[in-house]
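Structure first, commentary second.
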Amino acid sequence: MKQLLGKIAKIILVLGIIFLVFLLVFLLVTSMNWPWWTGGFILLGIVSLFFLFLFLRKIWLRRKEQMFVDQIIAQDNARLKGLDEKEREHSKALQRQWKEAIETLRRSHLRKYGNPLYVLPWYMVIGESGSGKTTAIKAAKLSSPFATMAQTSGISGTKNCDWWFFEQAIILDTAGRYAIPVDEGRDKEEWKKFLNLLRKYRKKEPLNGLIVTISADKLLQADPTTLEEDGKSIRRRVDELMLALGTKFPVYILVTKCDLIQGMTQFCEHLPESALSQAMGLVNRDFSKDAISFLGQAMDTIAENLRDMRLLLLEKSERPIDPGLLLFPEEFENVQGGLKAFVQGAFQENPYQETPLLRGLYFSSGKQEGTPYSHFLNALGLIEEKQVLPGTNKGLFLHDLFAKVLPRDRGLFAPTQRAIEWSRLTRNLGLVAWVTFVIAICGLLSFSFVKNLNIIRQASQEFSKSPVLKGEVVSDVVTLDRFREAILAMEAQNKDWWLPRFGLTESQSVERELKKKFSARFKKAFLDPLDKMLVERLADFSAQTPPDVMGMHMALLVRRVNLLKARMKGQGIEALMAMPEPPYEALIQSPDKKILP
Numbered sequence: 076m077k078q079l080l081g082k083i084a085k086i087i088l089v090l091g092i093i094f095l096v097f098l099l100v101f102l103l104v105t106s107m108n109w110p111w112w113t114g115g116f117i118l119l120g121i122v123s124l125f126f127l128f129l130f131l132r133k134i135w136l137r138r139k140e141q142m143f144v145d146q147i148i149a150q151d152n153a154r155l156k157g158l159d160e161k162e163r164e165h166s167k168a169l170q171r172q173w174k175e176a177i178e179t180l181r182r183s184h185l186r187k188y189g190n191p192l193y194v195l196p197w198y199m200v201i202g203e204s205g206s207g208k209t210t211a212i213k214a215a216k217l218s219s220p221f222a223t224m225a226q227t228s229g230i231s232g233t234k235n236c237d238w239w240f241f242e243q244a245i246i247l248d249t250a251g252r253y254a255i256p257v258d259e260g261r262d263k264e265e266w267k268k269f270l271n272l273l274r275k276y277r278k279k280e281p282l283n284g285l286i287v288t289i290s291a292d293k294l295l296q297a298d299p300t301t302l303e304e305d306g307k308s309i310r311r312r313v314d315e316l317m318l319a320l321g322t323k324f325p326v327y328i329l330v331t332k333c334d335l336i337q338g339m340t341q342f343c344e345h346l347p348e349s350a351l352s353q354a355m356g357l358v359n360r361d362f363s364k365d366a367i368s369f370l371g372q373a374m375d376t377i378a379e380n381l382r383d384m385r386l387l388l389l390e391k392s393e394r395p396i397d398p399g400l401l402l403f404p405e406e407f408e409n410v411q412g413g414l415k416a417f418v419q420g421a422f423q424e425n426p427y428q429e430t431p432l433l434r435g436l437y438f439s440s441g442k443q444e445g446t447p448y449s450h451f452l453n454a455l456g457l458i459e460e461k462q463v464l465p466g467t468n469k470g471l472f473l474h475d476l477f478a479k480v481l482p483r484d485r486g487l488f489a490p491t492q493r494a495i496e497w498s499r500l501t502r503n504l505g506l507v508a509w510v511t512f513v514i515a516i517c518g519l520l521s522f523s524f525v526k527n528l529n530i531i532r533q534a535s536q537e538f539s540k541s542p543v544l545k546g547e548v549v550s551d552v553v554t555l556d557r558f559r560e561a562i563l564a565m566e567a568q569n570k571d572w573w574l575p576r577f578g579l580t581e582s583q584s585v586e587r588e589l590k591k592k593f594s595a596r597f598k599k600a601f602l603d604p605l606d607k608m609l610v611e612r613l614a615d616f617s618a619q620t621p622p623d624v625m626g627m628h629m630a631l632l633v634r635r636v637n638l639l640k641a642r643m644k645g646q647g648i649e650a651l652m653a654m655p656e657p658p659y660e661a662l663i664q665s666p667d668k669k670i671l672p
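Sequential numbering from 76 applies to the sequence shown in our numbering.
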């Protein structure tokens, strides 16, 4: 139901965005009075940009995927340097097969759903060395795109993990020394790097589930203290995973080597092949209960079902009944004590760490070999050394667990409480940052607006009336000089602006207009009459003109030209004022000539 509502919401969102784009294009074309066909080209351009975005995103995802593969290979190459020649060649062969597996998945039909490495769910299997992890994966007989799964079963990689590529999922098979370590600090740094790769390149789904394996013979024979310590060691690994990945994923306990429970093999011989492919166990649907309560409920339910099946098998069996079939349900219940100690260590609640999510309890057998253990027969002294299993490789109760149960729970992973709190904190900080940024921008805009307004008001007060030139030299010079001083004051205020204007440049526009008006007034009232007088004087020069008069006029022309050249080269007012002034007094030496008409 939630998925359906999510799809409906996405469809509504997409339709809303399309409608909004059409509306914006319509408003743009209407407001600009463009032809309607231009709207079609604009929409075509938007569609082109959208497909360009998809194309670039695909390239980016492919690049990101390749970076992940390259870093895995780099870690592998670093480890190869410490191996001898024979081991190095074998590891390189595994590396080549791993890369071939990646390429095969890339070219598979899963491409239509996206990148195959991210379309498939990823599961990790951890457990003590010899607990049957690899055997269980092989015996599940999952479909694979490869002819021989053993050839692509893993990469030497971090030496903590083998990779298994199936059509249903990618399974990471960790080394047993990681789950129950001999040396706590061994390879820890390398493992953390690998977890960081998972977190970096699969942020949305770093891990979809964790399978914890423990063998039935250990549950039957080990003391509770040892089993609880093993559970605590597993708990530390789970905590490290949750901390590194920032997600809380479903954890499944898989009891392996159940063929070593007395009567298991004989019991399964009476079951049809289709039943042997099913998952034997119980899924936890009520997460409000603690792990021990679920364990008790699961064991009681499974044991009761086994007793009911025993009656059916005894009734319908047409061949002699093996005594082991009669003992199996009761022998199966003997696993509960050791399993309880193990679960107690692995899933006990404490105020310092999040409790892992125990999703299910399952039982299986990958090979039928060794000597079954029986509390009942052992107490009677009836177990003989030669009573061993034939050594068959029939996978019991494994296929559907990996092919159906795990993929069905793909979406159960969720962020840890710590990750949620961190995400909430970052979102809040981001919101505060955005609000602060918006307030700052509004403040700067307000400052720019107010300063513009103040400068314009001062100019309005100074130039409430346009300066009027009366044709009198002294009064007109005073008027224009006051005009010039006011413009310089406005120019100084506009330059003293150390904050961004954000497009509010009206005071600069007013300054430019005032400068244009000043230049026009000065040109009309002073410059044009002076130039006219200078031309007339030069036209009156003759052989009788005194040399000193001609010299002063030449100096006037040269110095004016120098001032104009300096200004054209970008010299400022201060530099121009430091240059020699033109001797304008040469124009007023003759009493019959006036400077201004």
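By construction, the Cβ of each residue, glycine as well, lies at the ideal position given by its N, Cα and C atoms. Computed from a predicted model, the values in this text were never measured in an experiment.
Which word fits Trp-719, buried or exposed, when buried means at least 16 other C-beta atoms lie within 10 angstroms of its C-beta?
-> Nothing about residue 719 can be read from this structure; the chain reaches only from 76 to 672.
Where Tyr-427 sits in the DSSP three-state scheme: coil
### Task
Go through the stretch 352-397 residue by residue and report every complete run of the beta strand (DSSP E) that reaches 3 residues or more, in order.
355-358
**Study point:** Ile-255, DSSP secondary structure in three states
**Key:** coil
How about Glu-406 and Gln-337: do their beta carbons lie closer than 7 Å? yes
Cα separation between Gln-411 and Ala-319?
32 Å
Notebook entry, point to check: The beta strand (DSSP E) spanning Gly-284 covers which residue range?
Noted result: 284-290
Please list the terminal residues of the continuous beta strand (DSSP E) segment that includes Gly-470.
First-last for Gly-470: undefined, no H or E at that position.
Rounded to whole angstroms, what's the CA-CA distance from Ala-641 to Pro-575? Just pull it up for me. 31 Å
According to DSSP, is Lys-640 part of a helix, a strand, or is it coil? Three-state DSSP puts Lys-640 in a helix.
Review point. Can you list, in chain order, the residues of its chain whose CB lies under 6 Å from that of Gly-114, leaving out five sequence neighbours each side?
Key: Contacts found: Val-100, Val-104.
Requested in this report: Could you check what DSSP says for Gly-647 in three-state terms: helix, strand or coil?
Outcome: coil
### Query
Among Arg-252, Glu-178, Thr-288, which one has its Cα closest to the Cα of Leu-473?
Of the listed residues, the one whose Cα sits closest to Leu-473 is Thr-288.
For Gln-623, name the three-state secondary structure that DSSP assigns. The residue you asked about is not Gln; residue 623 is Asp in the sequence shown. Three-state result, Asp-623: helix.
*asked:* Pairs of beta-carbons, one from the stretch 591-599 and one from the stretch 620-629, closer than 8 Å: are there three or more?
replied: No, the stretch 591-599 is not in contact with the stretch 620-629.
query: Among all the DSSP beta bridges, which residues are the ones paired with Leu-329?
result: Under DSSP, Leu-329 forms a beta bridge with Thr-288, Tyr-437.
query = Between Tyr-437 and Tyr-327, what straight-line distance do the alpha-carbon atoms span, to the nearest angstrom?
reply = 7 Å
Original post:
Looking at the structure shown, is Thr-249 part of a helix, part of a strand, or coil, going by DSSP?
Top reply: strand
So Pro-447 packs on Asp-334, CB below 8 Å; how close in whole Å? 7 Å
Counting beta carbon pairs with one atom in the stretch 196-210 and one in the stretch 474-488, are three or more of them shorter than 8 Å?
yes
>> Tell me the DSSP secondary structure of Lys-279 in three-state form.
In response: coil
* Excluding the five sequence neighbours on either side, which residues of its own chain have a C-beta within less than 6 Å of the C-beta of Ala-214, listed in chain order? -> Gly-441, Gly-470, Leu-473
* Asked: Excluding sequence positions up to five away, which residues of its chain have a Cβ less than 7 Å from the Cβ of Val-96?
  -> Ile-121
**Prompt:** Taking all protein chains shown into account, do 16 or more other C-beta atoms lie within 10 angstroms of the C-beta of Lys-461, making it buried, or fewer, making it exposed?
**Reply:** With a pLDDT of 45 at Lys-461, under the threshold of 50, the modelled position of this residue cannot be trusted; read the value that follows with caution. Result: exposed.
Which residues in the same chain as Gly-207 place their Cβ atom closer than 7 Å to its Cβ, once the five residues preceding and following it in sequence are excluded?
-> Thr-288, Ser-290, Thr-331, Lys-332, Gly-441
Fill in: Lys-415 versus Gly-306: straight-line alpha-carbon distance, rounded
10 Å
With 16 other CB atoms within 10 Å as the buried threshold, where does Lys-323 fall? Counting Cβ neighbours within 10 Å, Lys-323 comes out buried, since at least 16 surround it.
* Asked: Would a C-beta distance cut-off of 7 Å place Gln-428 and Asp-314 closer than the cut-off?
  -> yes
* By the 10 Å Cβ neighbour count, where 16 or more other Cβ atoms means buried, how is Ile-377 classified, buried or exposed? -> buried
(request) With a threshold of 16 other CB atoms inside 10 Å of the CB of Thr-249, please say whether the residue is buried or exposed. (result) buried
For this session: Please report the Cβ distance between Leu-295 and Gly-413, rounded to the nearest whole angstrom; I am assuming they are in contact, meaning their Cβ atoms lie under 8 Å.
Result: 6 Å
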